[in-house]
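Taking it in order: structure first as structure tokens, then the write-up.
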Amino acid sequence: MRWALRPRGPAGLRALGGLGRPPSSSSSCSSSSASGVRQPDPDHGKYRATVLLPRTAFPMKLLGLQQPNTELHVQQKCGFSELYSWQRERKSKEDFCLHDGPPYANGDPHIGHALNKILKDIANRFHMMRGSKVHYVPGWDCHGLPIELKALSEFGGDTQSLSPMEIREKAREFAKAAIAKQKSAFIRWGVMADWDNCYYTFDGKYEARQLKVFHQMYDKGLVYRDFKPVFWSPSARTALAEAELEYVPEHVSRSVYVRFPLLNPPPQLASLLDGSSPVSVLIWTTQPWTIPANQAVCYMPKLKYSLVKCSNSGELYILGAERVGSVAATFGTRFEVISTFVGADLESGSCAHPTIPGRVSPLLPANHVTMTAGTGLVHTAPAHGMEDYSVASDHKLSMDCLVDENGVFTEGAGSELQNKSVLEEGTDIVIKMLQSASNLLKEEKFIHSYPYDWRTKKPVIIRASKQWFVNISDIKATAKELLKKVKFIPGSAMNGMLEMMDRRPYWCISRQRCWGVPIPVFYHKTKDEFLLNSQTMEHVIKLVEQHGSDVWWTLPPEQLLPKEIVTQSGGPDGLEYVPGQDILDIWFDSGTSWAHVLQDTGQSADVYMEGKDQLGGWFQSSLITSIATRKKVPYKTVVVHGFTLGEKGEKMSKSLGNVVDPDVIINGGQDHSKDPPYGADVLRWWVADSNVFADVTIGSASLAAAREDVNKLRNTVRFLLGNLAGFNPETESIPTEEMYVIDQFMLHLLQDFANKVTEAYKQYDFGKVIRQLQVFQNRELSKFYFSIIKDRLYCEGEKDPKRRSCQTVLAEILDVVVRSFAPILPHLAEEVFQHLPFEKEPKGVFRTGWCSTSPVWKKPGLEEAVEGACAMRDSFLGSIPGQNATQFNVVIVIEPGLLFEIMEILQAEETSSTSQLNELMMASQTTLLAQDPIDLPADVTEVKGTFLINLEGGDIREESSYKVIIVPTTKEKCPRCWKYTSESSETPCPRCLEVIAGK
Numbered sequence: 001m002r003w004a005l006r007p008r009g010p011a012g013l014r015a016l017g018g019l020g021r022p023p024s025s026s027s028s029c030s031s032s033s034a035s036g037v038r039q040p041d042p043d044h045g046k047y048r049a050t051v052l053l054p055r056t057a058f059p060m061k062l063l064g065l066q067q068p069n070t071e072l073h074v075q076q077k078c079g080f081s082e083l084y085s086w087q088r089e090r091k092s093k094e095d096f097c098l099h100d101g102p103p104y105a106n107g108d109p110h111i112g113h114a115l116n117k118i119l120k121d122i123a124n125r126f127h128m129m130r131g132s133k134v135h136y137v138p139g140w141d142c143h144g145l146p147i148e149l150k151a152l153s154e155f156g157g158d159t160q161s162l163s164p165m166e167i168r169e170k171a172r173e174f175a176k177a178a179i180a181k182q183k184s185a186f187i188r189w190g191v192m193a194d195w196d197n198c199y200y201t202f203d204g205k206y207e208a209r210q211l212k213v214f215h216q217m218y219d220k221g222l223v224y225r226d227f228k229p230v231f232w233s234p235s236a237r238t239a240l241a242e243a244e245l246e247y248v249p250e251h252v253s254r255s256v257y258v259r260f261p262l263l264n265p266p267p268q269l270a271s272l273l274d275g276s277s278p279v280s281v282l283i284w285t286t287q288p289w290t291i292p293a294n295q296a297v298c299y300m301p302k303l304k305y306s307l308v309k310c311s312n313s314g315e316l317y318i319l320g321a322e323r324v325g326s327v328a329a330t331f332g333t334r335f336e337v338i339s340t341f342v343g344a345d346l347e348s349g350s351c352a353h354p355t356i357p358g359r360v361s362p363l364l365p366a367n368h369v370t371m372t373a374g375t376g377l378v379h380t381a382p383a384h385g386m387e388d389y390s391v392a393s394d395h396k397l398s399m400d401c402l403v404d405e406n407g408v409f410t411e412g413a414g415s416e417l418q419n420k421s422v423l424e425e426g427t428d429i430v431i432k433m434l435q436s437a438s439n440l441l442k443e444e445k446f447i448h449s450y451p452y453d454w455r456t457k458k459p460v461i462i463r464a465s466k467q468w469f470v471n472i473s474d475i476k477a478t479a480k481e482l483l484k485k486v487k488f489i490p491g492s493a494m495n496g497m498l499e500m501m502d503r504r505p506y507w508c509i510s511r512q513r514c515w516g517v518p519i520p521v522f523y524h525k526t527k528d529e530f531l532l533n534s535q536t537m538e539h540v541i542k543l544v545e546q547h548g549s550d551v552w553w554t555l556p557p558e559q560l561l562p563k564e565i566v567t568q569s570g571g572p573d574g575l576e577y578v579p580g581q582d583i584l585d586i587w588f589d590s591g592t593s594w595a596h597v598l599q600d601t602g603q604s605a606d607v608y609m610e611g612k613d614q615l616g617g618w619f620q621s622s623l624i625t626s627i628a629t630r631k632k633v634p635y636k637t638v639v640v641h642g643f644t645l646g647e648k649g650e651k652m653s654k655s656l657g658n659v660v661d662p663d664v665i666i667n668g669g670q671d672h673s674k675d676p677p678y679g680a681d682v683l684r685w686w687v688a689d690s691n692v693f694a695d696v697t698i699g700s701a702s703l704a705a706a707r708e709d710v711n712k713l714r715n716t717v718r719f720l721l722g723n724l725a726g727f728n729p730e731t732e733s734i735p736t737e738e739m740y741v742i743d744q745f746m747l748h749l750l751q752d753f754a755n756k757v758t759e760a761y762k763q764y765d766f767g768k769v770i771r772q773l774q775v776f777q778n779r780e781l782s783k784f785y786f787s788i789i790k791d792r793l794y795c796e797g798e799k800d801p802k803r804r805s806c807q808t809v810l811a812e813i814l815d816v817v818v819r820s821f822a823p824i825l826p827h828l829a830e831e832v833f834q835h836l837p838f839e840k841e842p843k844g845v846f847r848t849g850w851c852s853t854s855p856v857w858k859k860p861g862l863e864e865a866v867e868g869a870c871a872m873r874d875s876f877l878g879s880i881p882g883q884n885a886t887q888f889n890v891v892i893v894i895e896p897g898l899l900f901e902i903m904e905i906l907q908a909e910e911t912s913s914t915s916q917l918n919e920l921m922m923a924s925q926t927t928l929l930a931q932d933p934i935d936l937p938a939d940v941t942e943v944k945g946t947f948l949i950n951l952e953g954g955d956i957r958e959e960s961s962y963k964v965i966i967v968p969t970t971k972e973k974c975p976r977c978w979k980y981t982s983e984s985s986e987t988p989c990p991r992c993l994e995v996i997a998g999k
């Protein structure tokens with residue numbers, strides 16, 4: 001074919017590196033396909049041996065148990081167990097401390113553990129690779145009721161006669177067994193730590209540190225004993241804190257509307273209430289059993305109330321003005337409003353108690369009263385409500401509690417109620433008492449969210465008792481101010497934590513159990529007095545540090561107290577005090593972990609990372625104890641993740657059969673066709689790929705998708721490894737400035753990828769890491785770069801600079817890509833490093849740092865050259881859908897100007913089958929002209945287009961027209977490279993002949 005001569009432009013732009021357009025997010029070349037380009041056939045004739053096909057022993061897939069078995073081999077060969085100690089011993093200017101919130105030692109490892117531990121490990125491995133010395137001490141929460149209940153269940157029969165030490169020894173055994181199981185699983189998941197030096201809340205030194213924090217808080221007046229209403233678990237016979245509750249939304253209560261007959265009308269309403277007709281105030285409660293403990297009825301002074309007449313009975317009632325319509329509808333009647341007034345007008349009025357003759361219930365103002373439900377008037381039982389208690393404190397009301405530790409009425413409630421369970425038979429009897437007194441107006445079932453003991457799964461009550469408390473109100477202001485300096489991820493989590501703090505009037509830290517750390521207090525045998533001071537606490541702390549908290553139950557009282565105190569208190573034989581039997585809330589146990597674990601880190605961690613339930617739990621108890629003792633927040637960043645759910649978003653439960661066992665994920669179930677062995681890396685990929693800042697789902701579909709993603713990544717690195725065979729980056733790399741433009745462009749994209757991935761890791765957004773990796777892998781590598789370089793890799797001479805240029809880039813891509821996913825897939829990353837063709841004894845990916853890029857890779861101007869060529873390639877490939885691009889020659893005609901000069905960088909000669917431009921076009925031959933050719937065959941296709949060049953931040957803008965002419969080739973297919981560039985199908989093309997001759 002003969003082309004007309006054309007004027008040639010300059011050899012290329014002199015300052016290509018200075019072209020200033022930033023890379024676009026969606027390069028046209030990234031979405032182009034190979035459109036029918038075929039790889040050289042390794043079995044094709046006598047030239048097969050001359051084609052440089054990929055060579056690597058790295059397997060494309062690991063089938064069945066090969067995956068978990070390979071991971072175990074990698075862990076052993078690559079020193080996973082020594083990695084933490086190695087990085088702790090190296091010199092580093094930066095420290096990174098992730099403080100491990102202790103999982104509970106009461107069961108087998110579950111998928112929630114996997115989510116949490118793997119997230120932490122990804123963060124730790126990233127910071128370690130970045131050069132920081134990582135401080136991460138795994139721990140376990142070892143005390144508390146669930147463990148105690150499990151221990152008691154193993155005794156069987158009557159456990160009331162068991163001594164505290166019998167229970168404690170069994171509980172300790174149970175906790176140790178659970179720890180061993182969980183620790184083994186965490187190691188198998190690839191979690192990096194010094195597993196021989198963990199922290200345990202039942203360790204004597206840990207317990208002593210905890211008691212020191214208690215001591216400091218007591219000395220500052222923040223810990224006190226009082227008679228207050230607290231959440232009480234009748235099923236566990238102990239007080240609970242808010243963090244130990246779970247709210248059941250479908251709980252059914254027997255709600256009642258009750259009237260309190262008005263005894264003394266409020267003076268402000270005397271003229272309205274003439275006394276001729278009896279008037280009652282209406283209340284509504286979902287806890288009828290608390291009626292016998294009523295001490296008052298409360299109103300909101302600023303709200304409006306109405307006196308109404310019932311159309312059915314003719315009776316007069318007082319209730320909130322906003323509630324008149326809804327209450328009348330509930331009663332199936334109409335209320336005639338006689339008068340409306342403000343709540344303050346109810347001052348000084350009083351009512352008759354609805355079940356106890358002769359008892360008076362005053363009408364009292366209270367700010368907690370609302371009109372959102374009920375009647376706008378609130379029945380007040382100080383022993384059974386937090387707000388009720390506040391009203392009683394202000395007005396000196398009785399706070400007697402008529403309910404004991406088992407949740408049954410005491411003798412003080414009267415013979416009819418005594419020994420009746422308040423939540424069962426007791427409720428029924430109280431309702432009957434209201435009926436007998438003609439004060440029950442309506443009973444109905446009410447479905448609402450109600451607190452349950454999160455351990456026994458039984459309803460709780462609010463019950464006043466003598467407990468030990470932390471004064472939250474004195475800490476809240478400081479806590480809120482200091483929390484503003486903490487980074488929360490996601491940011492909304494801070495509001496959640498502040499809201500939970502606001503709802504918490506005080507923190508009850510005493511528990512009526514024996515498996516825990518004792519509150520070091522001594523009670524007088526006959527008087528309502530206790531003994532607790534610095535002298536007694538320091539003595540107990542020293543004993544606990546040496547022997548553990550068992551001493552509280554094993555030593556006689558006279559040894560638990562300092563000698564001088566014993567002497568002052570009646571001597572050994574007449575000691576007036578006995579040790580208390582309450583233990584500390586386990587949230588106090590874990591909440592003081594900073595004091596023990598962070599001693600050598602300035603007692604402040606870079607990160608706390610736990611589930612969203614810890615906003616009211618460990619995050620908060622850690623904050624309170626830290627601020628109380630040293631006015632310092634124990635963390636700089638708080639990362640909050642969601643819960644794990646079944647594949648359809650449902651809560652996991654054994655009854656539903658949707659519980660996902662991490663061990664089955666890794667090693668497979670009994671039937672591998674149903675539960676295949678995925679290995680730990682697939683589990684880790686699922687964790688990283690999930691939107692962990694919300695609840696995450698897991699099931700067979702999501703695990704299969706994760707495995708497919710990991711296998712695609714395997715194929716990508718396998719391609720890279722295979723094409724690096726016989727290449728030594730140390731001696732055979734090509735300098736960047738001497739590379740092909742497309743190779744330089746890939747380094748430019750690689751640096752951008754490395755920067756984005758690094759930033760995503762810094763923000764703990766591991767899902768974004770995976771998205772960036774997949775975009776780079778699929779768009780920039782598989783669909784673009786890999787598809788156009790195969791001819792150069794396979795068919796050029798082995799040591800040809802053009803091929804070495806490409807291999808230099810492939811080596812850099814492999815290094816950056818593997819390091820970018822190493823924190824997520826540590827087993828795969830180390831497996832890849834074991835197959836590096838140029839490393840006889842690889843040091844390992846985790847011991848050699850993070851992604852390394854060079855500033856010289858940053859060349860935004862390259863974008864114009866490559867994107868311009870890709871725009872023309874898209875025009876070419878779009879015109880031959882489904883056809884082999886090498887069966888065509890391409891003529892590109894560009895009007896003289898900047899775009900033409902840029903294209904000349906890619907192809908200096910007029911026509912070429914081996915130029916950079918032709919490589920990008922993927923045709924057999926490309927011709928670059930500044931004007932239309934004179935002669936063209938009849939069967940050509942022409943496509944026109946324009947390309948906007950934008951350089952130097954917009955200072956240089958030029959839109960150029962181009963024409964792509966697609967001409968069917970007249971040459972034969974080369975038997976070696978399969979391009980249509982040969983004179984005969986039996987004879988290689990000139991390029992291939994030259995390469996073969998070189999061999």
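Using the UniProt record's numbering, you'd call the opening residue of the sequence shown number 1 and step up by one each time. Idealized CB from N, CA, C, for every residue including glycine. Quick caveat: nothing in here was measured; it's all calculated off a predicted structure.
Cα-Cα separation, residue i to residue j
i: Asp-404; j: Arg-463; result: 8 Å
i: Thr-969; j: Tyr-761; result: 50 Å
i: Leu-575; j: Asp-585; result: 28 Å
i: Leu-255; j: Leu-263; result: Before going further, note that residue 255 is Ser rather than Leu in the sequence given. Rounded to whole angstroms, Ser-255 to Leu-263 spans 25 Å at the Cα level.
i: residue 1000; j: Val-408; result: Because the chain spans 1 through 999 in this model, residue 1000 falls outside it and cannot be assessed.
i: Ala-706; j: Ile-824; result: 12 Å
i: Pro-103; j: His-113; result: 8 Å
i: Ser-311; j: Arg-334; result: 6 Å
i: Phe-846; j: Gly-868; result: 40 Å
i: Asn-711; j: His-384; result: 59 Å
i: Phe-96; j: Ile-519; result: 34 Å
i: Thr-758; j: Ala-493; result: 24 Å
Beta carbon of residue i nearer than 8 Å to that of residue j
i: Ser-924; j: Tyr-962; result: no
i: Glu-986; j: Pro-975; result: yes
i: Val-191; j: Asp-121; result: yes
i: Ser-280; j: Phe-260; result: yes
i: Leu-397; j: Tyr-299; result: no
Cβ-Cβ separation, residue j to residue i (assumed contact under 8 Å), whole Å
i: Tyr-577; j: Leu-531; result: 5 Å
i: Pro-837; j: Pro-68; result: So it is not a contact: roughly 26 Å between Cβ atoms.
i: residue 1000; j: Ile-472; result: Any property of residue 1000 remains undetermined from this structure, which presents the chain solely from 1 to 999.
i: Pro-490; j: Val-640; result: 7 Å
i: Ile-111; j: Val-664; result: Not really, about 10 Å apart at Cβ, beyond 8 Å.
Exercise. Run through the segment 592-647 for me and flag every whole alpha helix (DSSP H) of 4 or more residues, listed as ranges in chain order.
Key: 593-597 and 618-630
Practice problem: Would you check if the segment 768-779 and the segment 129-142 touch, i.e. whether three or more CB-CB distances between them fall below 8 Å? | Solution: no
Quiz item: Within the chosen definition, does the segment 231-245 reach the segment 351-359 through at least 3 CB pairs nearer than 8 Å?
Solution: no
Exercise. Assess, as a yes-or-no matter, whether the segment 47-58 is touched by the segment 815-830 under the definition of 3 or more beta carbon pairs within less than 8 Å.
Key: Judged by Cβ distances under 8 Å, the segment 815-830 makes no contact with the segment 47-58, as fewer than three pairs qualify.
Self-check item: Three or more C-beta pairs below 8 Å linking the segment 60-80 and the segment 827-836
Solution: yes
Practice problem: Pair every Cβ in the segment 168-176 with every Cβ in the segment 470-489, then say whether three or more of these pairs are closer than 8 Å. | Solution: no
Quiz item: Should the segment 84-99 be regarded as contacting the segment 153-164, the criterion being three or more beta carbon pairs within less than 8 Å?
Solution: no
Practice problem: Give, in chain order, every unbroken run of the beta strand (DSSP E) that is at least 3 residues long and sits entirely within the segment 346-411. | Solution: 350-352, 360-365 and 378-380
Quiz item: Should the segment 722-734 be called in touch with the segment 804-815, which here means at least 3 C-beta pairs below 8 Å?
Solution: By the Cβ rule, the segment 722-734 counts as touching the segment 804-815, because three or more pairs are nearer than 8 Å.
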